[in-house]
Amino acid sequence: MKKIVLTAALIAACTAFTAEAKQKAPKSTTVLKTAKDSTSYAFGLEFAKSINNTLENLPGKPYDKGLLLDALTKMIKDDTLTLAFPEQKANEIIQRNLKLAQDAENQKRMEEQKQFLANNKKRPGVIETPSGLQYEILKMGDGAKPTSANSRVKVHYVGTLMDGKEFDSSYKRGEPAEFELKNVIKGWTEGLQLMPVGSKFKFYIPSDLGYGEHGQGPIPAMSALIFEVELLDVTNPDQSVIKGEKYQFQQYQRQ
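The working numbering applies: residue 177 is where the sequence shown begins, and numbers increase by one.
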């Protein structure tokens, strides 16, 4: 009986809280009378979403949305006489200042990368090759090794950035990746030739063996990459045509 009463009290409290929240929620004061009104409003929503997404992905963020709105409002209303600078200069200013911001971010990330790799190679079990690739052996297999950059391999892997943020995982997709070593980043091409089938290695790949100053998708420019890689199989290059592949490992293709 006590449980029933307590449950009923909780339901009543939740219902009251929800009703109160709805009452306090601000209501739109915008009146849309026609289809054209609704379309105009919808354009504003879509433009705002696009602008926010753009600003979120620009170097040098955060940017001043108040100034952005000031310029946007004046341009939409054709009030160009009161602009802070002529609209013809806008693209030049954007390109120049974004480059400065990007260069600053790249330099900062490069310094972080150097420090990270310098500390990492001091850890027991970490080996550094002449190219700067670092790796540690998590499990040593006893199968065949890829013999050249023409070798085709099948792997499972997890990729993370220096801060531990995961950007890719074949395990989560539920299928391994298959590719030829000559078609992927240099860190993969070199590192996988160190592995016999059945091995699991952890690679620490400097940006010059990865994507350098360009980056790729969720990978920022000048980023060291960390991959845990499990080598499942090596396919002879002469028999490397595999039909019906679902995943081609394109995001790690060499630029």
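For each residue, glycine too, the CB sits at the ideal point set by N, CA and C. The structure presented is a predicted model; accordingly, all values stated were derived computationally and were not measured.
Which ranges would you report for the beta strand (DSSP E) in the segment 289-376 if only whole runs of at least 3 residues count? 310-315, 328-336, 342-345, 353-356
I'd like the list of long-range same chain contacts for K250, defined as Cβ closer than 8 Å, with 5 residues on each side in sequence excluded. As a working note, residue 250 is residue 74 in the sequence shown. Cβ within range, chain order: T256, T258, L259.
Drop a sphere of 10 angstroms on the beta-carbon of M177, count the other beta-carbons inside from all chains shown, and report buried for 16 or more, exposed for fewer. Counting from 1 along the sequence shown, the entry for residue 177 is found at position 1. Interpretation of M177 is limited by its pLDDT of 43, a score under 50 that renders its predicted location unreliable; the figure taken from the coordinates is listed afterwards. Flag for M177 reads exposed.
Spatial neighbours of L234 within its chain, please: CB distance less than 7 Å, with the 5 preceding and 5 following residues excluded, ordered by chain position. On the sequence shown, position 58 is the one that residue 234 refers to. For L234, where only same-chain residues beyond five positions count, the Cβ hits under 7 Å are L274.
Going by DSSP in three states, E232 sits in which element: helix, strand or coil? Residue numbering aside, residue 232 sits at position 56 when the sequence shown is read from its first letter. Correct three-state label for E232: helix.
In chain order, which beta strand (DSSP E) runs of at least 3 residues are fully inside the segment 214-277? none
DSSP puts Q392 in a beta bridge; with which residues? Position 216 of the sequence shown, counting from 1, holds the residue named residue 392. DSSP lists I395 as partners of Q392.
N-terminal and C-terminal residue of the beta strand (DSSP E) that V410 is part of: Here residue 410 refers to the residue found at position 234 when the sequence shown is read from its first residue. From DSSP, the beta strand (DSSP E) with V410 extends over 401-411.
Taking V360 and G319 to be in contact with their CB atoms under 8 Å, please state how far apart those CB atoms are, rounded to whole angstroms. To locate residue 360, count along the sequence shown from 1; it is residue 184. To locate residue 319, count along the sequence shown from 1; it is residue 143. Between G319 and V360 the Cβ distance is about 20 Å, and since that is not below 8 Å, they are no contact.
Reduced DSSP secondary structure (H/G/I, E/B, other) of A203: Within the sequence shown, numbered from 1, the residue matching residue 203 stands at position 27. Note that residue 203 is Lys in the sequence shown here, rather than Ala. Three-state DSSP puts K203 in coil, outside helix and strand.
Taking F343 as the reference, give the member of Y311, E232, G393 with the closest Cα. In the sequence shown, residue 343 corresponds to position 167, counting from 1. F343 has its Cα closest to that of G393, out of Y311, E232, G393.
Exposure label - Y380; buried when at least 16 CB within 10 Å: Within the sequence shown, the letter at position 204 stands for residue 380. Buried, since its Cβ has 16 or more Cβ neighbours within 10 Å.
Since I believe S375 is in contact with M316 (beta carbons under 8 Å), could you give me their beta-carbon distance rounded to a whole number of angstroms? The residue labelled residue 316 in the question sits at position 140 within the sequence shown. The residue labelled residue 375 in the question sits at position 199 within the sequence shown. Rounded, the Cβ-Cβ distance is 5 Å, consistent with contact.
Beta-bridge pairing of Y380 - partner residues as DSSP gives them: As a first step, residue 380 is located in the sequence shown; it is residue number 204 there, counting from the start. Note: Y380 sits in a beta bridge opposite Q310, I402.
Do the segment 298-313 and the segment 260-271 make contact, defined as three or more Cβ pairs closer than 8 Å? no
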